[in-house]
Every structure is written in structure tokens, then in C-alpha cells.
Amino acid sequence: MGLKERIQAEHNGEPVAAAEDVHLSFFRRRLLEEVDLSELATLNPTQRRARLERVVGHLLTREGPVMSNAERTALIRQIVDASLGLGVLEPLLADETVTEIMVNGPADIWIERDGRLEKVNARFADDGHVYQAIDRIVSAVNRRVDESSPMVDARLPGGERVNVIIPPLSLRGPTITIRRFPQPYTLDELTAKGTLDEAMHSLLVACVRARCNMIVSGGAATGKTTLLNALSAYIPDGERIISIEDSAELQLQQPHVVGLESRPPNVEGKGEIAIRDLVRNALRMRPDRILVGEVRGGETLDMLQAMNTGHEGSIATIHANSTEDAITRLGTLASMSELNIPYDALRDQINSAIDVIVQLARGVDGSRRVVEIAAVASRHRETFRLATVADFAADPVGHERRTTGVFRHYPLPDSLRRRLDFAGEAAPEPFAGTESAAAAPEREAT
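Quick note: the sequence shown uses the working numbering, first residue 23, plus one each step.
In C-alpha cells:
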């Protein structure tokens with residue numbers, strides 16, 4: 023009886039569709055029969071993989087079909103990946119150009135590369151194999167996924183963020199979304215990539231050194247965390263930095279950094295530590311600066327209060343489509359705290375706390391750019407006023423679907439210029455003109 027016939031016999035005579043699924047399923051089962059699991063437990067991950075590759079190689083020599091060396095190597099890798107890791111997702115995780123992996127079902131896998139989505143040929147054999155990958159993910163963080171708890175957020179050992187949702191909430195079967203760590207670009211590298219220009223680079227560095235409170239704003243996947251990480255490199259080494267994130271992504275290089283990460287509730291729905299709890303606790307840790315990966319709720323009020331009470335130079339990110347929207351969302355999120363604070367008081371907090379807003383956007387070609395740098399020109403009880411000090415003027419999108427354009431610069435408003443002067447930071451040349459010569463465009467933000 024040949025290999026395929028033996029496997030079909032094990033499946034009660036039901037036909038098996040794909041040859042690779044036939045081989046993978048059969049040899050994975052034979053591998054489990056051959057290896058000593060207690061011995062594997064004593065090996066480190068590298069030794070464990072090498073050991074399994076040798077065993078699978080012997081099995082293929084003994085019982086496998088005739089195939090080329092390339093096919094044999096690929097099958098060995100697939101069998102070991104399915105036995106140790108996340109199966110067909112392992113090669114995608116090993117590809118550093120892939121920034122997001124989306125599994126919409128066994129045979130519907132997409133990735134994001136260079137800001138563009140593309141479907142890949144990789145596929146799981148069936149829903150059962152997807153569930154096996156899910157079990158490996160959630161068991162590693164002591165979580166579970168079932169009908170009573172059909173959604174979970176987790177983190178892979180390499181730091182990738184994972185979201186899982188299964189039926190009955192997901193109508194297409196078990197779904198996995200894996201977000202890779204953003205590559206830790208420096209501000210010089212982002213400038214070389216065209217995310218911003220040299221003048222904007224110099225201005226942002228001066229703002230960080232002058233301890234300006236900054237908000238990095240943008241839509242999903244526009245590079246907010248990447249820019250925050252790049253800006254943090256210019257915080258002096260002698261300062262104590264507290265970073266607060268949902269999933270640890272920042273890779274700060276200073277010698278005095280304390281990283282805090284929120285914690286979701288356990289299977290009983292208890293033990294949750296929210297971002298707001300961490301922001302409040304950070305204020306008791308004698309921080310010089312606080313970096314918040316993203317404000318999305320009542321912790322916004324605590325962050326504003328921290329910026330107003332001696333923790334200048336702090337930076338946070340927020341989801342918003344424009345600098346005006348960022349101001350509006352800050353007020354909305356701050357009002358979500360349990361404290362019933364009047365709108366006028368929230369406005370005063372924002373006016374006094376925020377100095378600079380940096381807006382990011384993603385172009386039609388997947389490129390990320392700083393499309394505006396705005397200074398908060400209002401103070402105290404004034405209506406919110408934003409002064410644009412730099413922006414990106416995009417050209418019409420041509421047939422090649424490429425985003426091109428020019429960066430424009432305007433003289434700094436008096437409030438920001440005085441802040442830089444007081445800190446001994448000179449305004450970069452394009453921003454150093456007098457306001458009377460070419461005033462920075464101002465507009466109200468509701």
C-alpha cells in the first residue's frame with residue numbers, strides 16, 4: 023500500500039485533497055510516534071529543532087515519496103514548523119519585511135509588506151490546524167480561547183502582538199492577526215526615507231531637548247510608535263524615563279528606563295491592570311519624562327495632569343486623522359474618566375499641557391510621512407488655536423499611484439520660539455523668521 027493509500031485508510035477512506043497536506047499530516051503523526059518527548063523537553067529550542075529535523079529526514083528516507091532536494095527540505099521545514107511553532111506562519115514570521123499577518127481562515131492568509139496588502143499561497147490544512155496554532159499562542163501566556171471567551175490579545179515570544187477571534191463571533195472561522203514590532207528606525211533613517219525633511223528633523227530634536235510636551239497623532243499603521251521611538255533617542259541620558267504601553271514595542275537606548283506594560287484580565291475576568299493604573303503609578307516613580315504608547319481612555323486626563331505638574335518633555339501617541347482631531351480626541355478621552363470635569367477645565371488642561379502635535383499619514387503607495395507639525399498657540403482659557411509650523415503639500419496622484427510632494431515651513435509662533443530660546447535651543451533656519459514676515463497659519467480647533 024502506498025503512502026497516500028495508507029493515509030486515506032487512516033482517514034476512513036475519505037479522500038485527502040492536497041498532496042502537501044497528506045504528507046504533512048501523516049509525517050507529523052509519525053514524528054510524534056518516533057520522538058521521546060521527555061528528551062525533547064531537556065533541549066533548548068535550537069537543539070530541539072535540529073533533533074526533529076534529523077528524525078523527519080530519516081522518516082522521509084524510509085517512508086517518504088520520491089522528491090527533489092528542495093522539496094524534501096521544504097517538507098522537513100513544514101513538518102517541524104507544524105510540530106514546534108505556528109505551522110505555515112513560521113516562514114512569514116521569519117521574513118523581516120512582513121509587518122502584519124492576517125489569517126482569515128485556513129486557506130485565506132494575507133500579509134502587509136511595504137504598506138501594501140498581498141495574499142500569500144501558504145495555507146493551513148483545515149480549521150483544526152488553525153486552532154492548534156491558536157492554542158500554542160494563548161497557552162504560552164496562560165490564556166484560553168473558547169466559546170465562552172472567543173476573543174484574546176496575546177504576545178508571541180518575539181514580541182509580536184496577536185489578536186485571536188473565533189466563532190461564533192467570527193463568521194469565517196478562527197481568525198488570527200499578528201502585528202510585528204515596528205523596525206526601530208532612527209530619526210536620521212526616517213529622514214532619509216522621506217518621512218520628514220532635514221528642517222523638520224532639526225525642529226523635532228530641538229523640541230525634545232527643550233522638554234516640549236508632544237503628541238504624535240495619526241491613523242492606524244501610520245508609524246506613530248516608530249516616530250515616538252526615534253524621538254526618544256534625543257532625551258538626555260541623565261533623565262529617568264517611564265514608558266507605558268499596551269504591548270511593549272518601544273526600544274529605548276537610554277541607561278535609565280523603566281518599561282511598564284498593561285495586563286488584560288485573566289480567565290476569571292480579574293487581575294486587569296489598565297494603562298490608567300500604570301500612568302497613575304508612574305507619577306509615584308519620580309519620572310523625568312513619561313512616554314505613553316497610546317492614550318485611548320481616562321488615562322488621558324492623568325497624562326495631561328502629569329504634563330502640567332513638572333513632567334515636561336513627555337510624549338504620547340493618539341489615533342486621530344488631523345491635528346484638530348487630535349485636540350478634540352484629547353478632550354473626549356479625558357472626559358471618559360470617572361471625574362466630572364467641566365469642558366472649560368479640560369480645555370485649560372490641554373492648552374497648558376500640549377506644546378506640539380506631529381501628524382502622520384500613510385500615502386496611497388504605503389509611504390508614511392509627517393504631514394503636519396503644529397504648535398498649540400492658545401493658552402489657558404482661550405479657544406484652542408493651532409499654528410502650523412510645517413506641512414506636506416502632496417501632488418496629485420498620478421498613474422503610478424505614487425505619493426509625491428514638498429515639505430513647507432513657516433516661522434514659529436512666539437510661544438514655541440520662546441520655549442526653545444529658554445532651553446538654549448536655536449530654531450532651525452526655515453522656522454526662524456519673524457511672524458510678521460510670514461505668519462504661521464493658525465486656525466481654531468473645536
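Yeah, the Cβ is synthetic: ideal placement off N, Cα and C, and Gly gets one too.
Please tell me whether residue i and residue j are closer than 8 Å, where the distance is taken between their beta carbons.
{"i": "I237", "j": "D310", "result": "no"}
{"i": "R440", "j": "G241", "result": "no"}
{"i": "T526", "j": "A252", "result": "Any answer about residue 526 is impossible in this case: the structure gives the chain only from 23 up to 468."}
{"i": "S344", "j": "I312", "result": "no"}
{"i": "Q273", "j": "P206", "result": "yes"}
{"i": "F203", "j": "E122", "result": "no"}
{"i": "A221", "j": "P450", "result": "yes"}
{"i": "C281", "j": "R194", "result": "Before going on, a small fix: residue 281 reads as Gly here, not Cys. Going by C-beta atoms, G281 is not nearer than 8 Å to R194."}
{"i": "A467", "j": "L382", "result": "no"}
{"i": "E394", "j": "A416", "result": "no"}
{"i": "V314", "j": "M325", "result": "yes"}
{"i": "A356", "j": "L323", "result": "yes"}
{"i": "L226", "j": "V380", "result": "yes"}
{"i": "M358", "j": "G388", "result": "no"}
{"i": "R145", "j": "A162", "result": "no"}
{"i": "A342", "j": "S239", "result": "yes"}
Could you pull out every residue in the same chain whose Cβ sits closer than 6 Å to the Cβ of residue i, ignoring the five residues on either side in sequence?
{"i": "E316", "result": "T339"}
{"i": "D1", "result": "Residue 1 lies beyond the residue range present for the chain, which begins at 23 and ends at 468; the question has no answer from this structure."}
{"i": "K141", "result": "W132"}
{"i": "L442", "result": "A228, A232 and A449"}
{"i": "A454", "result": "none"}
{"i": "I349", "result": "F406 and A467"}
{"i": "L438", "result": "A397"}
With 16 other CB atoms within 10 Å as the buried threshold, where does residue i fall?
{"i": "Y432", "result": "buried"}
{"i": "V419", "result": "exposed"}
{"i": "E36", "result": "Low confidence applies to E36: its pLDDT is 41, below 50, so where it sits in the model is not reliable, and the reading given next is rough at best. Under this definition E36 is an exposed residue."}
{"i": "G86", "result": "buried"}
{"i": "I363", "result": "exposed"}
{"i": "G353", "result": "buried"}
{"i": "T119", "result": "exposed"}
{"i": "H223", "result": "buried"}
{"i": "Q275", "result": "exposed"}
{"i": "K246", "result": "buried"}
{"i": "F444", "result": "exposed"}
{"i": "A39", "result": "Low confidence applies to A39: its pLDDT is 41, below 50, so where it sits in the model is not reliable, and the reading given next is rough at best. When all chains shown are included, A39 counts as exposed."}
{"i": "E321", "result": "buried"}
{"i": "V386", "result": "exposed"}
{"i": "V230", "result": "buried"}
Here's a check: name, in chain order, each residue in its chain whose Cβ is nearer than 8 Å to the Cβ of residue i, leaving out the five neighbours to either side.
{"i": "R285", "result": "G293, E294 and I295"}
{"i": "A367", "result": "none"}
{"i": "P287", "result": "G293 and E294"}
{"i": "E464", "result": "A399, R407, L408, A409, T410 and P435"}
Out of the options, which one is the CA nearest neighbour of residue i?
{"i": "L191", "options": "P172, R233, P206 and R183", "result": "P172"}
{"i": "R177", "options": "E169, N164, D168 and S170", "result": "N164"}
{"i": "I188", "options": "A409, D443 and V174", "result": "V174"}
{"i": "N235", "options": "L249, V398 and P113", "result": "V398"}
{"i": "G332", "options": "R233, R99 and V102", "result": "R233"}
{"i": "D377", "options": "R308, A367 and R401", "result": "R401"}
{"i": "R70", "options": "V102, P435, I98 and A96", "result": "V102"}
{"i": "G137", "options": "G320, R94 and R391", "result": "R391"}
{"i": "R183", "options": "S265, T217 and S269", "result": "S269"}
{"i": "E360", "options": "L97, R298, L250 and D148", "result": "R298"}
{"i": "N303", "options": "G291, A328 and R423", "result": "A328"}
{"i": "G291", "options": "V78, R423, S239 and R166", "result": "R166"}
{"i": "G260", "options": "F146, R99, H278 and L300", "result": "H278"}
{"i": "I266", "options": "E169, T248 and L300", "result": "L300"}
{"i": "V160", "options": "N143, G180, E169 and V186", "result": "V186"}
{"i": "P452", "options": "E112, N91, L434 and E169", "result": "L434"}
Tell me which same chain residues have a C-beta within less than 7 Å of the C-beta of residue i, skipping the five on either side of it?
{"i": "N330", "result": "Q371, S374 and A375"}
{"i": "A72", "result": "none"}
{"i": "R94", "result": "L82"}
Is there a C-beta anywhere in chain B that falls below 8 Å from the one on residue i?
{"i": "N91", "result": "Here there is only one protein chain, and chain B is not present."}
Meets three-Cβ-pair contact criterion under 8 Å: the segment 106-121 and the segment 154-162
yes
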